[in-house]
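**Student:**
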Amino acid sequence: MEDGVQVKREPNPRESASILSILTFFYTLPIFLKGRKKDFSEDDVYETLRRDKSSILGDKAEKIWTEELKKFKDTKKTPNVRNMMMRMLKFNLAGVALGHLINDLVCRPGQIVSLGYLISYYLDESKKEQTSPYFYVAGLLSSTLCSVFILQLVLAEGFHTGMEMRIAACSLIYRKALKLNQSAFGDTTVGQMINLLSNDVGVFDRFTAVHHCVYVGPAQLALFTYLMYNEIGVSAFVGVSVLILFIPLQGFMGKLSAKFRLKTARRTDARIRLMDEIIRGIEVIKMYAWEKSFAKLVHLYRRLEIKSIKTVSYIKGTYMMYFIYISVPLFLTILAYVLFGNTLDARKFFYTSALYNTTGFTMATIFPQAVSLIKESGVASARIVKFLMLEEADTGCSKSSGAVFIKMANVTAKWAKSAENTLSNLNLNIEPGTIVAVIGPVGSGKSSLLQCILKELRTASGVLSVGGSVSYSSQDPWIFNSSVRQNILFGKEMDKPRYRDVVNKCALSADFKTFLVGDRTIVGEQGSFLSGGQRARVNLARAVYRDSDIYLLDDPFSAVDVSVGKQIFEECVCRYLKKKTVILVTHQLQYLQHVDRIIVLENGTVKADGTFNELQKSNLNFLKLLKRSSEKDDDEHKESRLVKYESAIKLDETPKLVQEQRSTGTVSFSIYKDYFAACGSYALVFLVITLFIFVQLVLSGSFYFMTYWVNFEQKYSQNDTLQGDFKITSRNYFVYIYSGITVAIVVLTVLRNNMSYIVCMRSSINLHDSMFDSVVRATLQFFNENSSGRILNRFTKDMGAVDELLPTAIIITTQTVFSILGIIIVTCIVNPWLIIPSALILILSNYLKSFYLSASLSIKRLEGVTKSPVFGHLHATLRGLTTIRGFSAQDILRKEFDDKQDLHSSTYYLFICTTRTLGYWLDIISFIYITCITLVLVFISDESYGGNVGLAITQAMQLLLQLQWGVRQSTDMENYMTSVERVLEYNSIDHERPFTNANKPDNSWPKLGKITFENVYLSYSLETPVLKNLNFVIEPEEKVGIVGRTGAGKSSIISSIFQLFEIEGNIIIDGVNIKEIGLHDLRRKISIIPQNPVIFAGSIRKNLDPFDECTDEVLWKALEDVKLKETIKLLDLGLKSEISEGGSNLSAGQRQLICLARAIIRGNKILILDEATANVDPQTDAVIQDTIRQKFSKYTVITVAHRLHTVIDSDKILVMDGGKVVEFGHPYVLLQDQNGVFYQMVQQTENIMASELAQIAKVRFEHT
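Written out as structure tokens, the structure is:
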């Protein structure tokens, strides 16, 4: 639904690549060349490969999942999503496995066997004349080249297959989200679902690249053990036994890691859920000055999460000790061989060393990763399965053809976790073509009735039958982030005459004229660029545009003024939908005499049912109920917190959303500096670097020492006069020294790894905390311009990379860099001629890395940006789930999700291709290096010691592994550092002024509540001010009503008082200029009841008193004042009872009453009501108004309202128009000016109401 525009993309060059191009990754060259010239944007992304299409993979996964569910019903064996995906992609995985088998069991052994023969050539002088080294050199180089061609291809396919697993899992999760029953949200949260889509499924990306090692690794170990046994006999089993003992240890560590990974995931869910609530309710949090309270909560959740992550990290630090797994078994093997009385020569040592290096790399580096990822993927799979097994909604209620009817026979329904029935024993038969109004007090079940008809609320008993297609307009307007037009069309084809009629009937034509680009205006997330009234009418227009049989309209008039509401009711509901079946939930009782039937609900049962005349004649006190109904003034719903600039917004000719901030170029040194500085101690960083240096010195020294030993053995074995006791004594010294070196390697490596993780964890903790503190102090403008999906992406995917992926990449990269330097230095010591190829390989590798990073970093950043819309789409879907299903629009939303995921997948595939290209050419460079060393030693050097030859070639072979692995890890590290970069970017966003400062007002301030505006201007951007030179005074204890048309600036006055945006001019409260004091010192002293009540998941107590400053008695008294005490007392835990996410287990009226109770508890001298009764029924409205009159009679009260009866008895009325004060005075005085704006507003109501309002104003004036 991106405004109907489909971007035409170029086909991926992989599609048309030749075999040779695929083997050499030459098809990626255009990507690198483009990356050298510019940063990648979405326009540069290629068409998604067919095999990667989200829709195709989702269909396959859904089919297999359905089969798994059938098996589960028969066998009760819990399904496994990971194994299910592996079966789905079995041919891909088989190809990956075959490639690794050839590489690890043919090519690698071929290298080592050839090396052994080559070293033997130098050990026996008598055979030099009889044999030639050419054959051995050819075997060594050909097996190396074979490995080069195979390895990167299978790794590319492995990562590609992992990506497909992730795509399929994401598609499955989203499809499930579309089916979730409302009661299922008691078992899951938005935060958990986003975490599933970001962190949990991310394990599949890495899993398929290494999972083969669990069977290839042991097979390679068995083969190498056999080769070693043939060389050194039973001594081989000593070291191999130790290596085998490490395997169950790694398995145990992997299991332990998985256990804590599950705990981490749960704690991450909780943190993300909390972050989601904070972002959605940020305006209310700021106005209540609750930032610190929520910061404590976030930091608490974060500490619990980090505790689990730390445990996993230390476990990783234990089984990531590659050098230990090589050094200890090699040491024990050599020790056993020597103690058995054998003479150690160069062939035996370096042949054995090469075998351990290769299988040690597999078993100590890849194998533990495979074990860990298998366990982690199992945990992720279990979490996904748990989600996929949640209860689904029954979506089979609507039919597109046939008879139209709604019948309910003895229907009882309840939300799953509700203690009482929501609807009880309903018997209704709605005739086709009738308009039925549903009324009742707060919590009576009005919205639940519509939910039951939609089958969102399941029936516990009775029979519900619905025939005909259904359209639904929700109470809280659901607007998605696209154009106004697309929000109305909602995937339907454009029918211009019908569209024009619907726009006119829903009173949107005049609004379109005020938009710079009309109905193509982008509305922003949750309709942030529309006023509340506009959102409500767009929401209604969507329902009306769909040509359905039945229309379910949930309070569509609450957000519009009386004239617009009257127009919509008469033109749209009564005339345009005349032949349709309409069920209208409303609080606007003035319309009841025009409907065909009225249903009165109370406590989930039908209290009355009949026509207007029938109810008038009944015993029901209907006339009293009507008298309490409210006529509305000519003002629309309050403007959204996000777009108070409605009339001032300027959009480009082709409207676009605010682009997400994205850095360019390579990751700067300052990012690394800031990352390590975040750990809080440069001394600790220096200590870790020192440990890395010492480990490499000891390790390189061990190989150089062993070279000296075997050369010593060779020298003295050829000299009979030097053999004997001297040789035995020297050999003992060699054993002692070698033992000491091995112990040092073990101790230093353990210490180094764990100290490294300590540094990284400290940095991670502080980076998250600083980002959160920065975001929570950000201006409201920041939240206007950045969707919740974007912001959550930084706290989920980016922080996930910083927490769990970056530390390992840093450790391996640093270790590998020092290892490479050690290899080159040792090799050059053996033969100074090797300095030339060593220098060249370093230069070439560095150039290749820089050539690669120019494209890779840009792609990685773009990958992060393209992931945000996926989260945002899920977020928006869950907000409008009932609407989506009411329209049977699941397929439309699913296609939209697939499109967004395809864009991300295509970007991620570019990253895979470029990474593997780098690996391939690094392997080619390493192959050239091995060739140079071999040729220099064999054909140029006059080397006579086999130990030197063995050392040089084995080190060069290590370089083949280390260079490719090291540069890959360093690029991974740099790519993960883009997550650090993205986290740090949020530290530089614009902040509000400090919460407190030196100019602290008295604790008793404000004592009077006098508010003075002096030349106040307010602008939300560089455009025209929305408040223009306001000058007025509100005296202590005055009750002031603020009225005006949409965009007049009413809500902007509230924003200026709370300093949500910077103002020009001065606002003085009791002699204190509010610009000169801290924001918390200001906001804590002003109470507000917002139009849209924001309720947070947690206890009722925490929602009333987050700082725990009040006793239970104070809280119960406040609840009693708002008539909620008895309701809360009925709950099992009273004040400790939990409120669901978003307050979903409370009605709209109950949520608003909770907000009123907050204001009573705060007891501030100034109270502001921002359209506080716009969305509540007359009874709740009466409770709020009565409570305010009783509890706040001695307080200054400012009321922004569109119901004139709410403010007509105020001391003064402030009339706004175009950002200016046009009238200010007592309502009775203002009504004396028949040319005045306020007088005209009153006259637009019906004559009886206008007279009644004038009489109330007169009485109030006479009593002042």
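First residue of the sequence shown: 1, per UniProt numbering; consecutive thereafter. Beta carbons are placed, not taken as given, at the ideal position from N, Cα and C, and that holds for glycine. As the structure is a computational prediction, the values presented were derived from the model and not from experiment.
(1) Between the Cα of E1223 and those of K1075, S1210, I384, V1237, spot the shortest distance and give me the residue it belongs to.
(2) Need the endpoints of the alpha helix (DSSP H) that E602 sits in, please.
(3) In chain order, what residues of the same chain have a beta carbon less than 6 Å from the beta carbon of T78, not counting five sequence neighbours either side?
(4) Expressed to the nearest angstrom, what Euclidean distance is found between the alpha-carbon atoms of E157 and C213?
(5) Under DSSP, the alpha helix (DSSP H) around L848 begins and ends at which residues?
(6) Mapping the DSSP letters down to three states, classify D511 as helix, strand or coil.
(7) Provide the residue span of the beta strand (DSSP E) that contains K900, from first to last.
(8) Just checking, does the stretch 1121 to 1132 make contact with the stretch 1147 to 1154 on the three C-beta pairs under 8 Å criterion?
(9) With DSSP run on the structure shown, which of helix, strand or coil describes P13?
(10) Which of the three DSSP states is assigned to V1197 in this structure?
(11) Can you grab the Cα-Cα spacing for the pair A177 / L878, in whole Å?
(12) Buried or exposed: where does S398 fall if 16 or more other Cβ atoms within 10 Å of its Cβ makes it buried?
(13) Buried or exposed for K38, please, with buried defined as at least 16 other CB atoms from any protein chain shown within 10 angstroms of its CB.
(14) Output the residue ranges of the alpha helix (DSSP H) runs that lie fully inside the stretch 256 to 326 and measure 4 residues or longer, sorted by chain position.
(15) Using only the alpha-carbon positions, how far apart do T1180 and A382 sit?
(16) Can you tell which of S1055, L684, A855 has the C-alpha that lies nearest to the C-alpha of S41?
(17) Is the Cβ-Cβ distance between E981 and F911 less than 8 Å?
(18) Which partner residues does H991 have in the DSSP bridge list?
(19) If you drop the 5 nearest sequence neighbours on each side, which residues of the same chain put their C-beta closer than 6 Å to that of F72?
(20) In chain order, which alpha helix (DSSP H) runs of at least 4 residues are fully inside the stretch 445 to 529?
(21) Which residues bound the alpha helix (DSSP H) around T827?
(22) On the criterion of 16 or more Cβ atoms from any shown chain inside 10 Å, does I1188 qualify as buried, or is it exposed?
(23) If you count every other CB in all the chains shown that lies within 10 Å of the CB of residue 1272, and 16 or more means buried, which is it?
(24) Which residue wins for smallest C-alpha separation from L390, given the options G1225, K179, M228, M85?
(25) Out of A608, T605, E571, which one is the CA nearest neighbour of Y591?
(26) Under a Cβ-count criterion, where at least 16 other Cβ atoms within 10 Å of its own Cβ denotes burial, should E992 be classed as buried or exposed?
(27) Applying the 10 Å Cβ sphere with the 16-neighbour rule, what's the burial state of N999?
(28) What is the rounded straight-line gap between the Cα of A346 and the Cα of V148?
(29) Do E164 and L57 have their C-beta atoms within less than 8 Å of each other?
(30) Taking contact to mean 3 or more Cβ pairs, one atom from each stretch, closer than 8 Å, check whether the stretch 1000 to 1009 and the stretch 1157 to 1167 are in contact.
(31) Taking the alpha carbon of N504 as the reference point, which residue from S55, V564, G462, H1205 has its own alpha carbon closest?
(32) Rounded to a whole number of angstroms, what is the C-alpha to C-alpha distance between A648 and G524?
(33) For the candidate residues P1090, V776, I173, Q890, whose alpha-carbon lies nearest to that of W290?
(34) DSSP has K407 in a bridge; who is on the other side?
(35) Measuring CB to CB, does L699 end up less than 8 Å from G822?
(36) Using a Cβ distance threshold of 8 Å, determine whether the stretch 262 to 271 contacts the stretch 298 to 308, with at least three qualifying pairs required.
**Tutor:** Judging by the given coordinates:
(1) Per the Cα distances, V1237.
(2) Note, E602: premise wrong, no alpha helix (DSSP H); beta strand (DSSP E) at 597 to 602.
(3) Excluding sequence neighbours, T78 sits near nothing in its chain.
(4) Cα-Cα distance, rounded: 15 Å.
(5) Segment 835 to 879, the alpha helix (DSSP H) holding L848.
(6) Here D511 sits in helix by DSSP.
(7) Run containing K900: none in the beta strand (DSSP E); it sits in the alpha helix (DSSP H), 890 to 935.
(8) Verdict: yes, contact present.
(9) In the structure shown, P13 falls within a coil segment according to DSSP collapsed to helix, strand and coil.
(10) In this structure, DSSP gives V1197 an extended state, which the three-state scheme calls strand.
(11) The C-alpha of A177 lies about 7 Å from the C-alpha of L878.
(12) Residue confidence for S398 is low, a pLDDT of 44 falling below 50, so the modelled location carries little weight; the figure read from the coordinates is stated next. Burial call: buried.
(13) Exposed: under 16 other Cβ atoms inside 10 Å.
(14) If we require 4 residues or more, the alpha helix (DSSP H) runs fully inside the stretch 256 to 326 come out as 282 to 288, 291 to 319.
(15) Looking at the backbone, the Cα of T1180 and that of A382 are separated by about 45 Å.
(16) Nearest C-alpha to S41: A855.
(17) The Cβ-Cβ distance between E981 and F911 does not fall below 8 Å.
(18) In the DSSP output, where bridge partners are listed per residue, H991 has A778.
(19) Correct list, in chain order: P79.
(20) Counting only runs of 4 or more residues that sit fully inside the stretch 445 to 529, the alpha helix (DSSP H) segments are 446 to 453, 484 to 489, 496 to 505, 509 to 514, in chain order.
(21) Start and end: 806 to 830.
(22) Buried, since its Cβ has 16 or more Cβ neighbours within 10 Å.
(23) Past the boundaries of the shown model lies residue 1272; the chain is included only from 1 to 1264, so the question cannot be answered.
(24) Its Cα nearest to that of L390, the residue K179 stands out among G1225, K179, M228, M85.
(25) Comparing Cα positions, the closest option is E571.
(26) With 16 or more Cβ atoms within 10 Å of its Cβ, E992 is classed as buried.
(27) Exposed.
(28) Cα to Cα, the separation comes out at about 27 Å.
(29) Yes, these two residues count as a Cβ contact at 8 Å.
(30) Because the criterion of three Cβ pairs below 8 Å is met, the stretch 1000 to 1009 and the stretch 1157 to 1167 touch.
(31) With distances taken between Cα atoms, N504 lies closest to V564.
(32) Residue placement at A648 is poorly supported in this model, since its pLDDT is 31, which falls under 50; the coordinates still yield a value, given next. The straight-line gap separating the alpha-carbon atoms of A648 and G524 is approximately 15 Å.
(33) In this structure, V776 is the residue among P1090, V776, I173, Q890 with its C-alpha nearest to the C-alpha of W290.
(34) BP columns for K407 point to N429, S465.
(35) In contact: L699 and G822 (Cβ atoms closer than 8 Å).
(36) The stretch 298 to 308 and the stretch 262 to 271 touch, with three or more beta-carbon pairs separated by less than 8 Å.
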